[in-house]
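Chains as they are written, first to last, in my numbering: chain A, 4 to 266; chain B, 25 to 362.
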């Protein structure tokens, strides 16, 4: 089932077009990796998909209930229940404890001051799933980068969203924590949800994502199975690098070799 | 750290209960305290038996308005400070940052300058509330109605500076030394010589402001993670922010209108209460309301205790207590913030 479908999305910042005529769709069960060099328009696209920025042109359709509906016709609360957004540098302003931070993920479901039994269950499940239950009473300001990112992901899971939109969720994490976050996102997709994540680590992207969408200069360059997208030609054209691309049974290995001149 | 653990063990309902009890106790103590030896119990009895007595007059007509205003003003400054700090995600913000208090002060100063305050009591609070609302409108006009937090703050700082400059002009060209003294003393903040009409004129604005602020409870919590995340959680940041700022303008404007400028309450009280509520910006609202009421009640008791020829101004006391206290607090928590 198609959860998200965006057509002809465009966005300008000042006079500069950051996203142009971009199409993207996401089905249930998919983990879509959005890749492309810095400034390709990945973050802008994700923010339009999440309904945080109004596109200059084009439409975003979501399927929170059975029918595909334009995002503007969906109430903010229904949208928030259906879709969660994990920002790139989500830094808590206060030293809240982990459990209270994760509880914020229940906001779309809860209009009262107190948490209900359902809320408690969802919060505890999210803490368990992301393996942060032992940190529940710790202030978030005392966590390591990897722990904090797991807590922020627990906040996302606590809201039971169908669709997760994550902007560079594994940036600045060590390899162990990168794998951990990617596994959690992939598991969410396998259980019938869907994930769209902007990623810079091409090897991890190809290892976990069911589909890659390659962007450059705000436009779609290629999309499909990781092996078909991460070709040496595409890497040279988009990233301006020469790379060894090694397709193995357990994934694609990409070793950047050197920069090449590109437009 | 030991202390931190004990502090965190107090549950929120217990904290609210303790603070509420403390406010009620201080309220009653403040009512019964004064130069004239007056019994509050006797005053309550006389009120219900409709007996006109000295007890009744002193307690209900002289002390009650003052004590009620201390609670209203203190709670307003506390809750508005908590709301502003939560809104700007900055522990150094205070309710005056958007030029609202200085707008109110300018309104009052204009009335004092022209000597209108002597003609009728309502000129001063009325002009101050008007000044606060005009200041907020100017901030919005400058920043634009669909504005970012940053442009609001910049516009607010500009309005604040202009209002302070106009107050300085009024002082500079004060028609008489007496008018100048009146303006300076009013700016220092006081609750002396207020009557029940001051309560009536400020309470409606304060009540509406409180409702607007307390109903932003969940938005302020969500805002802990930033404006975008709050939006993704189903809040409309533009609408919520507007309601929050109008709420602050209404209640702070009304508080300044009846008390003058009482410094440091809005800054120091949310700071003090924050660890007690587990740093939750939503819970901080209620705790800061009680804390602010407690501080202003206490400071006012202190002011009344000091039997000196010239009244020590309430705003001076809160700043005298608040300043060093704030410094100690910063030194104690420095490791966490820096």
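Glycine is no exception: its CB is placed at the ideal position from the N, C-alpha and C atoms.
Every value quoted in this text rests on a predicted model; they were computed, and no experiment measured them.
What does DSSP give as the partner residues of residue i in its beta bridges?
| i | result |
| --- | --- |
| residue 299 of chain B | Beta-bridge pairing links residue 299 of chain B to no other residue. |
| residue 243 of chain A | Its beta-bridge partners do not exist; DSSP assigns none. |
| residue 100 of chain A | A:142 |
| residue 168 of chain A | A:88 and A:199 |
| residue 72 of chain A | A:65 |
| residue 251 of chain A | A:254 |
Please report whether the beta-carbon of residue i lies at a distance below 9 Å from any beta-carbon of chain B.
| i | result |
| --- | --- |
| residue 116 of chain A | yes |
| residue 100 of chain A | yes |
| residue 3 of chain A | Limits of chain A in this structure are 4 at one end and 266 at the other, which puts residue 3 of chain A out of reach. |
| residue 251 of chain A | no |
| residue 163 of chain A | no |
| residue 264 of chain A | no |
| residue 261 of chain A | no |
| residue 21 of chain A | no |
Kindly indicate which residue of the options has the alpha-carbon position closest to the one of residue i.
| i | options | result |
| --- | --- | --- |
| residue 6 of chain B | B:239, B:34, B:286 and B:277 | Since the first residue shown for chain B is 25 and the last is 362, residue 6 of chain B is missing from the structure and cannot be characterised. |
| residue 249 of chain A | A:261, A:30, A:262 and A:230 | A:230 |
| residue 189 of chain A | A:32, A:28, A:26 and A:99 | A:32 |
| residue 222 of chain B | B:65, B:124, B:202 and B:94 | B:94 |
| residue 287 of chain B | B:343, B:219 and B:135 | B:343 |
| residue 239 of chain A | A:140, A:8 and A:261 | A:261 |
| residue 212 of chain A | A:219, A:224, A:198 and A:101 | A:198 |
| residue 269 of chain B | B:65, B:185 and B:120 | B:120 |
| residue 8 of chain A | A:255, A:129, A:80 and A:27 | A:27 |
| residue 201 of chain B | B:220, B:116, B:216 and B:139 | B:139 |
| residue 289 of chain B | B:65, B:307, B:224 and B:324 | B:324 |
| residue 143 of chain A | A:128, A:104, A:49 and A:109 | A:104 |
| residue 178 of chain B | B:348, B:123 and B:260 | B:123 |
| residue 81 of chain B | B:168, B:219, B:141 and B:154 | B:219 |
| residue 174 of chain A | A:129, A:203 and A:40 | A:203 |
| residue 37 of chain A | A:98, A:227, A:129 and A:121 | A:227 |
| residue 48 of chain A | A:123, A:147 and A:200 | A:200 |
| residue 168 of chain A | A:91, A:4 and A:254 | A:91 |
| residue 326 of chain B | B:47, B:54, B:46 and B:45 | B:54 |
Is any beta-carbon of chain A found at less than 9 Å from that of residue i?
| i | result |
| --- | --- |
| residue 241 of chain B | yes |
| residue 362 of chain B | Its pLDDT being 46, under 50, residue 362 of chain B is placed unreliably by the model, and the measurement read from it follows with that caveat. So, not an interface residue. |
| residue 25 of chain B | Low confidence applies to residue 25 of chain B: its pLDDT is 35, below 50, so where it sits in the model is not reliable, and the reading given next is rough at best. Chain A, which has no Cβ nearer than 9 Å to the Cβ of residue 25 of chain B, makes this no. |
| residue 113 of chain B | yes |
| residue 290 of chain B | no |
| residue 253 of chain B | yes |
| residue 247 of chain B | yes |
| residue 266 of chain B | no |
| residue 170 of chain B | no |
| residue 102 of chain B | no |
| residue 303 of chain B | yes |
| residue 257 of chain B | yes |
| residue 306 of chain B | yes |
| residue 295 of chain B | no |
| residue 260 of chain B | yes |
Measure how close the beta-carbons of residue i and residue j come, nearest whole angstrom, since I'm counting them as under 8 Å.
| i | j | result |
| --- | --- | --- |
| residue 305 of chain B | residue 247 of chain B | 7 Å |
| residue 79 of chain B | residue 62 of chain B | 5 Å |
| residue 162 of chain A | residue 84 of chain A | 7 Å |
| residue 21 of chain A | residue 241 of chain B | Rounded, the Cβ-Cβ distance is 36 Å, inconsistent with contact. |
| residue 51 of chain A | residue 221 of chain A | Actually they are not in contact, since the Cβ atoms of residue 51 of chain A and residue 221 of chain A sit about 11 Å apart, beyond 8 Å. |
| residue 311 of chain B | residue 39 of chain B | 6 Å |
| residue 192 of chain B | residue 159 of chain B | No, residue 192 of chain B and residue 159 of chain B are not in contact; Cβ-Cβ is about 16 Å, not under 8 Å. |
| residue 257 of chain B | residue 107 of chain A | 7 Å |
I'd like the span of the alpha helix (DSSP H) that includes residue i, first residue to last.
| i | result |
| --- | --- |
| residue 216 of chain B | Premise fails: residue 216 of chain B is in no alpha helix (DSSP H) and is neither H nor E. |
| residue 116 of chain A | Unbroken run through residue 116 of chain A: none, as it is neither H nor E. |
| residue 261 of chain B | 261-283 |
| residue 108 of chain B | 88-112 |
| residue 363 of chain B | Limits of chain B in this structure are 25 at one end and 362 at the other, which puts residue 363 of chain B out of reach. |
| residue 51 of chain A | 45-52 |
| residue 186 of chain A | 178-193 |
| residue 84 of chain B | From DSSP, residue 84 of chain B is part of no alpha helix (DSSP H); its letter is neither H nor E. |
| residue 286 of chain B | That residue, residue 286 of chain B, is in no alpha helix (DSSP H); it is neither H nor E in DSSP. |
| residue 324 of chain B | 305-329 |
| residue 174 of chain B | 173-196 |
| residue 128 of chain B | 124-137 |
Tell me which residue opens and which closes the beta strand (DSSP E) that residue i is part of.
| i | result |
| --- | --- |
| residue 62 of chain A | 60-65 |
| residue 20 of chain A | 19-30 |
| residue 167 of chain B | Per DSSP, residue 167 of chain B belongs to no beta strand (DSSP E); it is in the alpha helix (DSSP H), 147-167. |
| residue 5 of chain A | 5-16 |
| residue 34 of chain A | 34-38 |
| residue 259 of chain A | 254-262 |
| residue 227 of chain A | 222-227 |
| residue 216 of chain A | 214-219 |
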